[in-house]
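In our numbering, each number is its position in the sequence shown, counted from 1, plus 896.
Data block below; observations after.
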Amino acid sequence: MTAYRLQNVIGPDFGRPAVLYRATGEAVDGPMPWVMAAGDTFDFDSYFNAFFPDVWHRHTKIGRVGLEVAATGPIRVVVTAHGTQFATLADTALDGSGVVWLDDLPKTGRMSFRVEADADTRLTDLGWVTDVPPLHAPTLSVGLCTFNREKQFAVTLAALAQLQEQNPAILHIWVANQGKTFTNPTIAEIDKRDTVSILEQTNLGGCGGFTRTMVEATSVATPATHHLLMDDDIILDPRVVNRALGFLAYVEGELAVGGQMIDLDDPTILRELGAKLDPERFVQSIGENSDLTTPEGLAQFHDTPRIDYNAWWFCVIPTATIKRLGLPTPIFIRGDDIEYGCRMAANGVETICLPGVAVWHESFHHKTSDWLTYYDMRNRLFVASLYPQLVWRPASYYLLGFVVVFMFQNRYRAADMNILAIQDVLAGLDTALGADSESRHMALMAQLNQLAPYPELAPDALPDTEEGTLEPLDTSIPSMVWMSVRDFVLCTVNPLLRPFRKPRRFPYVPMPNNVGARDYIAPKTPEAEAYVLYKARPARLWSVMTRTIWVSLRYGLKPQAHFDDLARALEANRTREHWQALFDLPRDRF
């Protein structure tokens, strides 16, 4: 029986935690061959090497599943099913190489295996296989957007370039550089290839960078079947790209495939396996803060969770989908992936998370720049206007509560940015988008710079503090009202109590229920080379609250026709002609 590869087994590499690749501590690092002494056991019940059948049965057409083994000596292979029941699926002795075919395969759960050496041997190949040949041979173009992260980006590009040498299915790599011109010699050498294009353009945000790669990838004479979008601030194990291609070889029709986000600073903790659009929270990360080294962390992939979109740190989209649905809406940053995910869902293209495909990305906890919150709010209202059937347009009380969170985090600048975003949306698209993304962003930064900054402290100049506790925020209306009343009173008397209370200290900016209208400090970045002091200021609190109530009331009184007009204007701005003007490219490039 012919075996066709579904998923290669891979060993620890690229400086990533070994436990994500193998369940126990045997030295099986780097690519095969792996040496086994008599009596050794290699156990691969792990995030990267277990097999999760549910996602395959839901979205592909495969047949019988097995484990292919290539070794130089006698070994024993034990395959185990995990899920509602724990069961041994196979316990087979092999004299060298062979395929262990599995019967009565569970439709959900996960399958893992371990290899035991009866004598000294070497493992030269391992992989999950099926007896059904691939439906087709997918090809891939890669689109990367970068802005002044040259050192980190060079590592990712080099890994992709090396993978491209090994896998001819990766047809082209497109890089949209919106920052300083590259000086890194590694990047310069890679740029000499015919299959790599580095595109210099003005800063149009992540949306403009990714869209440029989508334009280029769909404009060539023979486009790849799929286009992979990836961030520049990631650590990539490039072998997961092959996994995505292997999965897509068995997919019929148009399907977007997303990779998970693992915390760059806590590299076994999952931050998001995909996201749902929630009526109250807007975006709800699925799998947040789960440990991928535990059975509970792995079990969340046993029944593939439904997701509404996958962020563009790793997302594969069929080029046929891009051609059919058009280009993203030019919203600069923080929402392009949400908007396009909604558009795909509204047009019958599902996005799924593929277990064992992930990148390491900086945690959301440290992405607290106040200007980012402007785009979060503005784009939240944009998406709700464009896709009311998928995304609830927030009520006035929701916007009030949303801004209250920043107020009681003592982040008054962020609250001001949210108020500005609502005002701009109420004023109309010309104000909210501006002439172009870059000029709008420059104007936004100028407005932000007029607001008083938070004090920054060096690590060796911190005040005496007390440890703060971290608890989730209850967003129910009664809880939020109670917190607001309580913290208004506490913040008002804070100047009197400040000499008698130490500031609290947190590892990142906490939810307001943990602040308690107190001063606190938090690291500015994961490396903690500087800290920020967030002080409770009664006058600022009352000023922000008054303006928030006023703008929320104006928003609530705005007729639905305004948001319908906004949606039509946004749709008009995502045409190829509009993007052509933004990119300042001749018509023949489109």
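Where a beta carbon is used, it is the ideal one built from N, C-alpha and C, also for glycine.
Residues that residue i bridges to, as DSSP identifies them
i     : result
G1154 : C1211 and C1249
F1178 : D1174
M1341 : Looking at the DSSP assignment, M1341 forms no beta bridge with any residue, so it has no partner.
V975  : A986 and F1009
Y1205 : A1171
I958  : The partner list for I958 (beta bridge, DSSP) is empty, contrary to what the question assumes.
V995  : E964
D1187 : I1165
E1499 : With the chain covering only 897 through 1486, there is no way to say anything about residue 1499.
W1070 : G1039 and S1093
F938  : V1011
P1419 : Y1427
Distance between beta carbons of residue j and residue i, contact taken as under 8 Å
i     : j     : result
Q1097 : R1108 : 6 Å
R1394 : I1417 : That belief does not hold up - the Cβ atoms of R1394 and I1417 are roughly 14 Å apart, past 8 Å.
V951  : T1200 : 5 Å
E1168 : E1184 : 6 Å
Contacts around residue i, its chain only, beta-carbon distance under 6 Å, and the 5 residues preceding and following it disregarded
i     : result
D1127 : W1209
V931  : R1018
G1023 : R901, N904, V905 and E964
A1207 : D1233
H1032 : none
C1041 : A1072, G1102, G1105 and F1106
H978  : G1005 and R1006
Rounded C-alpha distance that separates residue i from residue j
i     : j     : result
P1251 : Y1205 : 15 Å
M1376 : N1306 : 16 Å
G1101 : S1259 : 20 Å
T1388 : V1381 : 11 Å
R1202 : R954  : 11 Å
A1055 : L1095 : 19 Å
A1413 : R1139 : 49 Å
C1211 : P908  : 23 Å
P1030 : D1021 : 20 Å
D1460 : P1064 : 46 Å
E1046 : D1129 : 10 Å
F1043 : Y1404 : 24 Å
M1441 : L1286 : 30 Å
F1302 : D1266 : 10 Å
T1082 : Q1058 : 12 Å
G935  : A1015 : 7 Å
S1335 : R1239 : 27 Å
D1027 : A983  : 23 Å
L1347 : H1198 : 49 Å
A1113 : Y1270 : 31 Å
S1439 : L1125 : 42 Å
G1155 : F944  : 12 Å
Y1236 : P1224 : 6 Å
I1218 : V1116 : 13 Å
I1213 : F1384 : 47 Å
R1135 : G1193 : 22 Å
R1309 : Q1343 : 10 Å
S1281 : A1463 : 5 Å
M1341 : D1326 : 18 Å
Proximity to residue i [Cα-Cα], best of the options
i     : options                       : result
P1002 : A1348, T988, R1045 and T976   : T976
I1318 : L1453, P1395 and A1241        : L1453
L1188 : T898, D941, M928 and D1272    : D941
E1363 : A1477, D1415 and M1379        : D1415
T968  : Q981, M928 and W1475          : M928
L1478 : I1227, L1031, R1433 and R1394 : I1227
F1009 : D1460, A946, D1027 and H1068  : A946
F868  : P1403, Y1283, L1437 and L1053 : The question about residue 868 has no answer, for the chain in this structure spans 897 to 1486.
A989  : Q981, V973, H978 and P1081    : V973
W1256 : V1153, L1132 and R1470        : L1132
G1222 : A933, D1370 and H1474         : H1474
T880  : T920, G911, V924 and D1383    : As displayed, the chain neither begins before 897 nor continues past 1486, which places residue 880 out of reach and without an answer.
P1482 : V1111, Y917 and Q981          : V1111
T1118 : L1358, T1215 and R1450        : T1215
Same chain, Cβ closer than 8 Å to residue i, neighbours up to 5 away in sequence not counted
i     : result
E1352 : K1420, A1426, Y1427, V1428 and L1429
Cβ-based neighbour list, residue i, same chain, cut-off 7 Å, excluding 5 preceding and 5 following
i     : result
S1333 : L1100, G1101, G1104, P1226 and F1228
S993  : V965, A966 and A967
G962  : A899, V995, V996, W997, L998 and V1025
L1141 : P1034, L1036 and A1065
A1424 : P1355
E1367 : N1409 and N1410
V1299 : A1311, N1314, I1315 and T1444
A1432 : N1306, C1387, N1390, A1413, R1414 and D1415
K1076 : N1044
R1274 : A1317, D1320, V1321 and A1328
CB contact below 7 Å: residue i versus chain B
i     : result
L1160 : Considering every chain present, this structure includes no chain B. It has just one protein chain.
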